[in-house]
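Some notes on the structure that comes next.
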Amino acid sequence: MTRFRITCLALGLIALGGTVASAGGSGGSGDAVELPSPELGVDVPLHQALQERRSVRRYQDRPLTLAEVGQLLWAAQGVTDSTTGYRTAPSAGATFPLEVYLVSGDVEGLAPGLYRYVPNNHTLRLRKDSDLLAGLHASGLQQESLRAAPAVLVISAVHSRTARRYGARAERYVAMEAGHASQNIYLQAAALGLGTVAIGAFDDAGVAGVLSLPGNEQPLYLMPVGAR
């Protein structure tokens with residue numbers, strides 16, 4: 162695989178691997194999947210990733226690796242300062258309203274299902290142990306990229322986390338933050354030789370139902386991802 166350096170965003174490839182830890186602690190129910198640590202020192206200029214960023218809707222017929230998945234999730238919401246809890250994407254008042262999920266269909270070493278990303282310890286928490294890609298495809302207005310991708314990243318938001326501090330402006334700030342996280346995923350995908358597309362056209366209630374989201378959580382983006 163071509164090696165890239167995203168100098169200004171500290172993005173890159175990561176080592177293969179990942180283990181399953183015992184359930185417990187914060188981040189939701191289910192087994193915890195330890196993701197490989199983010200690789201921060203591989204070489205491609207930021208301008209090259211920006212140049213190569215495209216919305217890609219067709220993918221090779223090959224699985225994603227756990228390394229690729231972990232790096233994409235870290236790019237979206239990974240913790241970059243363990244003292245402050247700051248993340249890869251800016252958040253108004255560090256209120257962190259976003260949640261990121263992985264809907265796995267064909268990821269090496271990972272059973273199909275719904276997983277919640279836990280930024281604080283860079284793990285996945287199993288939420289559902291069934292293949293949900295067909296349900297997302299149906300609720301996503303039958304867009305072909307949702308059927309063809311080996312996995313879909315879902316960005317959702319709990320607006321009340323930001324509204325407690327910013328009131329009515331929270332809706333604007335949360336939408337901005339989702340855009341920041343989505344662009345990070347785009348750039349990381351370009352760095353890894355993967356493709357993705359930000360999908361905002363879907364049945365909100367349908368997607369929330371497929372993912373069994375809490376009533377105070379709203380889906381904002383579906384981002385299928387696969388090898389270009």
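If you read the sequence shown in our numbering, its first letter stands for residue 162, the second for the next number, and so on. Backbone N, C-alpha and C fix where the C-beta goes; we use that ideal spot for every residue, glycine too.
Residue i, buried or exposed, once every other Cβ within 10 Å from all chains shown has been counted against 16
| i | result |
| --- | --- |
| Gln238 | buried |
| Ser317 | buried |
| Pro206 | exposed |
| Gly173 | Here Gly173 scores only 38 on pLDDT, less than 50, and its place in the model should not be relied on; the value that follows carries that caveat. So Gly173 counts as buried. |
| Gly211 | One detail in the question is off: residue 211 reads as Leu in this sequence, not Gly. Exposed. |
| Glu305 | exposed |
| Gly387 | buried |
| Ser252 | buried |
| Arg223 | exposed |
Nonlocal neighbours in the same chain, by C-beta distance under 7 Å from residue i, ignoring five residues either side
| i | result |
| --- | --- |
| Ala369 | Pro380 |
| Ala331 | His320, Thr323, Ala324 |
| Leu374 | Ser317, Pro380 |
| Arg214 | Tyr347, Leu348, Ala351 |
| Val145 | The chain is shown only over 162 to 389; residue 145 falls outside these bounds and no answer can be derived. |
| Arg395 | Nothing in the structure corresponds to residue 395, since the chain is present only between 162 and 389. |
When the options are compared against residue i, the one with the closest alpha-carbon
| i | options | result |
| --- | --- | --- |
| Ser300 | Val279, Ala228, Leu355, Val371 | Val371 |
| Ala362 | Met384, Pro280, Pro251, Val217 | Met384 |
| Leu314 | Ala236, Glu200, Arg223 | Ala236 |
| His208 | Arg288, Asn377, Leu348 | Leu348 |
| Ala295 | Val240, Arg214, Arg308 | Arg308 |
| Thr284 | Val386, Tyr382, Glu378, Ala193 | Ala193 |
| Pro258 | Asp364, Ala350, Asp365, Tyr334 | Tyr334 |
| Glu195 | Tyr382, Asp242, Arg277, Asp365 | Arg277 |
Nearest-angstrom Cα separation, counted from residue j out to residue i
| i | j | result |
| --- | --- | --- |
| Arg326 | Glu338 | 15 Å |
| Thr357 | Arg389 | 9 Å |
| Ser291 | Gly274 | 5 Å |
| Asn281 | Ile360 | 26 Å |
| Gly376 | Ala310 | 27 Å |
| Pro199 | Val240 | 10 Å |
| Leu355 | Ala272 | 21 Å |
| Val261 | Ala336 | 14 Å |
| Glu378 | Ala366 | 11 Å |
| Leu287 | Tyr382 | 20 Å |
| Gly191 | Lys289 | 8 Å |
| Ala250 | Gly328 | 21 Å |
| Asp364 | Ser243 | 36 Å |
| Ala312 | Gln221 | 12 Å |
Own chain, CB closer than 8 Å to residue i, minus 5 neighbours either side, in chain order
| i | result |
| --- | --- |
| Ala255 | Thr245, Gly246, Tyr247 |
Contact set for residue i: own chain, Cβ-Cβ below 6 Å, skip 5 residues either direction
| i | result |
| --- | --- |
| Leu293 | Val264, Leu275, Val371 |
Quiz item: Pairing CB atoms from the segment 286-304 with CB atoms from the segment 326-344, are three or more of them under 8 Å?
Solution: no
Self-check item: Sufficient close CB pairs (3 or more, under 8 Å) joining the segment 258-268 to the segment 215-230
Solution: yes
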